[in-house]
Amino acid sequence: MAIQDEMYKAIEKEIDQTVESGTEKVSVNFEKAKEVAKMLTDLSTSVGDADALTNQYIANIKNICNS
Numbered sequence: 051m052a053i054q055d056e057m058y059k060a061i062e063k064e065i066d067q068t069v070e071s072g073t074e075k076v077s078v079n080f081e082k083a084k085e086v087a088k089m090l091t092d093l094s095t096s097v098g099d100a101d102a103l104t105n106q107y108i109a110n111i112k113n114i115c116n117s
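When you read off a place in the sequence shown, starting at 1, and then add 50, the result is the number in the working numbering.
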């Protein structure tokens, strides 16, 4: 879990820095972006069927974006 936590913190930091710097002019729901980042770090370190995991996470991301 330590690797996942560090990866998540790095993604979260990048999101925060991008928003603070004003380099991107995009409307972002921070909570949803961080939820997606958490799922991506889980995906990148899971040992399982890659296709099934990919499809599962795509469906989860769509659900997050539509909620």
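Glycine is no exception: its CB is placed at the ideal position from the N, C-alpha and C atoms.
Computed from a predicted model, the values in this text were never measured in an experiment.
Collapsed DSSP secondary structure at residue i in the structure displayed
| i | result |
| --- | --- |
| N113 | helix |
| N105 | helix |
Residue span of the alpha helix (DSSP H) that contains residue i, given as start and end
| i | result |
| --- | --- |
| S71 | A52 to S71 |
Of the listed residues the options, nearest to residue i (C-alpha basis)
| i | options | result |
| --- | --- | --- |
| F80 | L90, G72 and D66 | D66 |
| A60 | K88, T73 and K82 | K88 |
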